[in-house]
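Enquirer: First, the structure itself, so that you have it in front of you.
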Amino acid sequence: MTEQTLFFIFAILAGGGAIGVVILQDIVRMAFSLIISLGSTAGLFFLLGADFVAATQLLVYVGGTLVLLIFGVMLTASGPFRRIKMSTGETLLGAAVGLLFFSVIAFTVIGVNWQAVPSHREVATTPSDQSGNTSRAIGMRLIGIPADTEIGLHKDSGSPTGYLLPFEIVSVHLLVVLVGAAYLARAKRHESRDAAEGDA
Amino acid sequence: MIPTLADTATTIQSTLEGWKLSEGWAMFLAAVIHVTLVAGFFGLPAGIFIWAERKVSGRIQDRLGPTRVGGKFGWLQAIADGGKLIQKEDLVPADADGPLFRVAPYVVVVSSLAALMFLPFSDGWIAVSLDIGLYLMLAVMSLEVIGVILAGYASGSKWALFGGMREAAQMVSYEIPMSICVVIPIITAGSLNLNEIGAMQSGWAGNWILFNDPFTFITFFIYFVCATASCKRAPFDLAEAESELVAGFLTEYSGFRWSFFFLAEYASMFAVCGIAVLLFLGGWHTGIPFLDGLLDGPRYASDSFVYSWLTNLLGFTVFFSKASLLVCVQIWIRWTLPRLRIDQVMMTCLKYLVPISCVLFLGAVIWPLALSFTGHTTWGSPTGNRAAPTMRLESRGASPPSTSTLPLRQRPLAASDSNEEAGR
Amino acid sequence: MEVTLNHYLLIGAVMFVSGVVCMATKRNGIAVLMGVELVLNGANVNFVAFARYTTLGLDGQVVSLFVIVLAAAEAAVALAIALNFYNNHQTIDIDQGDRLHG
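Residue numbers (this note's numbering), protein chains in the order written: chain A, 2 to 201; chain B, 1240 to 1663; chain C, 31 to 132.
Pasting the structure below:
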C-alpha cells in the first residue's frame, strides 16, 4: 500500500510538473516546474528499485543540467522575454496535437497484454534490485558480467562484452562537449572593440 | 541485533496498530513521529555549532562571546537567537516573486537535513541504510544549489541575484573535486555503504583510510577544502560577503526565513564533516582497540541488547566529537583567513583542485597495483577486522559463485595467488 | 490496486508528450530545451520500468544512465548555442531566427 501511495504522489508530481512546463508562461516558473517533475522522476526510479539511476538523476540531472538551464534562463530572460505570449489559436492547436499524441501512445500501451509477452516477469524475483543494491550489479554489467540472478536463467542476456565501449565513447563525448561548450560560450569582446575603433 | 532508527519506526507503527489504528494511518503517524524525532535530533548540531561559532570567533578576536544566556558560557544563546528571529516581522519585498521567495529556504533546509538521513552516527545508527548511501548523500546535498538560485532570483534585487549566481557557480564547481576526493576512499574501501566503510576502520588508528596510502592522506585535506567551499564558508563565502554584496543571496531574507538558511548551513557543515570522519578518520572508532572493546565482555556474556546499545552510544560520542572537531577547524579557518575573490575561488577550483584531485585519484588507483608487485596489495590490514565485500549472489540454485563473478579485488591474480592472500 | 507496467508507461508517455508539445509550441529557446529534457526523461522512465517488469534486467538501467549523461552533455551545448543566439539577435525568441529563411 505504501508503494501505491508513493507511486501516486510521485506520478502526480511528475506528470503535473511536466504539464506545468507546457502550460505556464513565465520562464522561471517553467524551470521550477521542471525541477519538480525531474525530482519526482527520481522518486519513481526509487520505487522501481533503480536506486543508482535515481541518485544519478538527482545528482546529474537536477543538480547539474537543471542548474545549467536556470543559468541560461537568468542570462536570457530579462525584461520582455520573461513571458512570451502565444496566440490562442496556437495554444489550442498545441493542446489538440498533444492530446492526440498522448491518446495514440496510451491506446498502444494499454492494448498490449503485458502478461502474455514472454519476457514479462512478476516483480520481486530479483532480490538484488529489491534490496537496493543495484550499484554493484550495474558496475558488473559495465564489464559484461550479468551478476544478478540472471546467471543460470538467461545466460545470453546482457551484452557479452559489457558496456565498456559506450562508456569510453561517452567519456570522449563529454570531453568534446566540454571543450565545445566552453568555446561557444566564450566572451567575445574583440568585435565590439574593433567596431568602436572603426567609428573613432 | 543492533537497533537501527528504521526499526524504531516499525516499532512505533506496531505500537500504534496495537492501539487499533488502521495500517495506513499507523504507518503515516509512525512516519510523522519518526521524522519529527530525526529532525529534532538534526537541529541539535545546528544549535551547538551556532553557539560554538560565536564562542570560538569571540576568543579568536580576543573577546568572550556570549556570556549571558544560560549561565556563564551562554549555552542557550542559540535558543535565544531562534526566539529573537521568530518574532521578527515576516517581510517579503514588493519586487519579490512571492511563491518562489517563500519556497527557497525550504528547498535548502530540506536538502541539507535530508542528507543527514544517510549518515551513520554509530554502528547501525543510521536513519536510512542504503548500499549507495554516500552517493545519495552527495546527490541530495547538490540540490541545495537550486534553493540558492531561487533565493537569489526571487528576492528581486540585483545584489541578491549576483550573489546567488556566484554562489551557485561556486557550489556547482566545487562538487567536481569534492566528488573525486570522495571516490578515492570509496575505491580503497570497495563500498558505497557508509556503514560498511565506517565498520572497516576498526582496530588500531593505523587502519583508518587516512593512513592507507599517501594519496588518501592528501585527499583528506583536499576534501576538507572542497567541503568548506561547498558549504559557502570562508574563505569561500563570497555569497555572504557582507562587505561586498550586502549579504549576497540572503539580502532580502530576515527573521525566520534567514534562520532556515543558517540552520541548513550548519547542518550541511556537520554533514560534510561527518562524511570526512567516516571516510578518512575512522568513523565511530576511537582507534584504540582497548577503548572500543570496553563493553565487549558484558556484551557477549549477557544477551541483553543494552550493552550493544551502550557500545554504540560510545561510538556515537566518538563520532560526534570527531565531527565537531572538524567543524571547529572550519570555524577557526573562517575567522583566520581573509576572503577570496570570486575569480580566485573559481581559479582555485578549476586550475588547482581539479587537477590535484585527478592526480590523487590516479595515484590511489595505481598504488595497490604497484604494491602488488611486492606481494602485498596493502600495507598492514587497513580493511580492519572486516572481510572484503563479496558479491551477494542470490540465485535460486544457491550454487557456489564461480571465481569470475567475484569482484576484481578478490579474484586471484594470475601471478601471485598466495601472496595476495597473505597480504590481505 | 497494484502498480503495473502500464502505469509507469503512461507516466512516461505524459512526460514525453508534454516535452514534444513544449518543443513544438514554445517560442522561448530555453523552453524548447526544457521540452527536450522532458522527452529524454519520459524515455528514461520507460527504460527503467521495462528494466523492472521484464527480463530486460539491469541493461535498462545502464542505458538510462547513458541517456542521463548524454542529455546533460546535449543540454550544455544547446545552451551555449542559445546564448550565442541571444548575443547575436538580442532576443531569445526563436521565431526571430529567420535570417536564413528562403
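By construction, the Cβ of each residue, glycine as well, lies at the ideal position given by its N, Cα and C atoms.
Is it the case that the region 113-124 of chain C contacts the region 163-171 of chain A, given that we only count it when at least three CB pairs across the two stretches are under 8 Å?
Expert: With a cut-off of 8 Å, the region 113-124 of chain C and the region 163-171 of chain A do not count as touching, because too few Cβ pairs lie within range.
Enquirer: In terms of residues, what are the limits of the alpha helix (DSSP H) holding residue 1465/B?
Expert: Note, residue 1465/B: alpha helix (DSSP H), 1453-1469.
Enquirer: With three or more C-beta pairs closer than 8 Å as the rule, is the region 28-39 of chain A touching the region 45-61 of chain C?
Expert: Touching, yes, given that three or more Cβ pairs across the two stretches are closer than 8 Å.
Enquirer: Could you tell me whether the Cβ of residue 68/A comes closer than 8 Å to any Cβ of chain B?
Expert: Yes - at least one Cβ of chain B is within 8 Å of the one on residue 68/A.
Enquirer: Out of 179/A, 70/A, 4/A, 57/A, point me to the one whose CA is closest to residue 1374/B's CA.
Expert: Checking every option, the nearest Cα to that of residue 1374/B belongs to 57/A.
Enquirer: Got a sec, what are the start and stop residues for the alpha helix (DSSP H) residue 89/C sits in?
Expert: Element bounds for residue 89/C: 88-119.
Enquirer: Under 8 Å between beta-carbons, which chain C residues line up against residue 38/A? List them in chain order, please.
Expert: Neighbours of residue 38/A on chain C, chain order: 45, 68, 71.
Enquirer: If you run the structure through DSSP and keep just helix, strand and coil, what is residue 27/A?
Expert: Strand, per DSSP.
Enquirer: Give me whichever residues DSSP pairs with residue 84/A in a beta bridge.
Expert: According to DSSP, which records beta bridges pairwise, residue 84/A is partnered with 27/A.
Enquirer: Against residue 181/A, what residues of chain B qualify as contacts under a CB-to-CB distance less than 9 Å, listed in chain order?
Expert: Here the premise fails: no neighbours, minimum Cβ distance about 17 Å.
Enquirer: Taking just the CA atoms, how far does residue 15/A sit from residue 1607/B?
Expert: So the alpha carbons of these two residues sit roughly 45 Å apart.
Enquirer: Is the distance from the Cβ of residue 1389/B to the Cβ of residue 1342/B below 8 Å?
Expert: In contact: residue 1389/B and residue 1342/B (Cβ atoms closer than 8 Å).
Enquirer: Pick from 1288/B, 1574/B, 1278/B: whose alpha carbon is nearest that of residue 1566/B?
Expert: Among 1288/B, 1574/B, 1278/B, the Cα nearest to that of residue 1566/B is on 1288/B.
Enquirer: Taking C-beta pairs closer than 8 Å, name the residues in chain C that residue 290/A reaches, listed in chain order.
Expert: As displayed, chain A neither begins before 2 nor continues past 201, which places residue 290/A out of reach and without an answer.
Enquirer: Would you list the residues sitting across from residue 123/C in a DSSP beta bridge?
Expert: Its beta-bridge partners are 58/C.
Enquirer: Quick check on residue 62/C - is its C-beta less than 8 Å from some C-beta in chain A?
Expert: Chain A, which has no Cβ nearer than 8 Å to the Cβ of residue 62/C, makes this no.
Enquirer: In chain order, what residues of the region 1357-1379 of chain B put their CB closer than 7 Å to some CB of chain A?
Expert: Taking 7 Å as the Cβ-Cβ cut-off against chain A, the residues of the region 1357-1379 of chain B that qualify are 1369, 1370, 1371, 1374, 1375, 1377, 1378, 1379.
Enquirer: Pull up the distance between the alpha-carbon of residue 1340/B and that of residue 144/A, whole angstroms please.
Expert: Computed Cα separation, rounded: 47 Å.
Enquirer: Give a yes or no on whether the C-beta atoms belonging to residue 1507/B and residue 1321/B are separated by under 8 Å.
Expert: Cβ atoms of residue 1507/B and residue 1321/B: not closer than 8 Å.
Enquirer: Cα separation between residue 1573/B and residue 1475/B?
Expert: If I take the Cα positions, the gap works out to 9 Å.
Enquirer: Output, in chain order, the set of chain C residues within a Cβ distance shorter than 7 Å of residue 107/A.
Expert: Those within 7 Å of residue 107/A in chain C are 40, 43.
Enquirer: Anything in chain C within Cβ reach of residue 89/A, meaning under 8 Å, just list it in chain order.
Expert: Simply none; closest approach about 12 Å.
Enquirer: Mind checking the region 25-56 of chain A against chain B and listing, in chain order, the residues whose C-beta falls within less than 7 Å of any C-beta there?
Expert: Under the 7 Å Cβ criterion, the region 25-56 of chain A contributes 29, 33, 36, 52, 53, 56.
Enquirer: Would you say residue 91/C faces chain A, with C-beta separation under 8 Å as the test?
Expert: Cβ-Cβ to chain A under 8 Å: yes for residue 91/C.
Enquirer: Closer than 9 Å by beta-carbon distance: list the chain C residues that pair up with residue 139/A, in chain order.
Expert: Under the 9 Å cutoff, chain C gives 88, 91, 92, 95.
Enquirer: Within the continuous alpha helix (DSSP H) that includes residue 1549/B, where are the two ends?
Expert: Its alpha helix (DSSP H) spans residues 1545-1573.
Enquirer: Closer than 6 Å by C-beta to residue 1512/B: which residues in its own chain qualify, once you throw out the five before and the five after it? Chain order, please.
Expert: Excluding positions up to five away in sequence, the list reads 1562, 1565, 1566.
Enquirer: Can you say whether residue 1432/B is buried or exposed, counting buried as having 16 or more other CB atoms within 10 angstroms of its CB?
Expert: Its Cβ being crowded by 16 or more others within 10 Å, residue 1432/B is buried.
Enquirer: When burial is assigned at 16 or more other CB atoms within 10 Å of the CB, is residue 1570/B buried or exposed?
Expert: Burial call: buried.
Enquirer: Does DSSP classify residue 16/C as helix, strand or coil?
Expert: The structure shown does not extend to residue 16/C, since chain C is modelled only from 31 through 132, so no value can be given for it.
Enquirer: May I ask you to report which of helix, strand or coil DSSP gives residue 1578/B?
Expert: Coil, per DSSP.
Enquirer: As an exercise, report each continuous alpha helix (DSSP H) stretch of at least 4 residues that is fully enclosed by the region 32-109 of chain A, in chain order.
Expert: Correct list: 52-57, 67-77.
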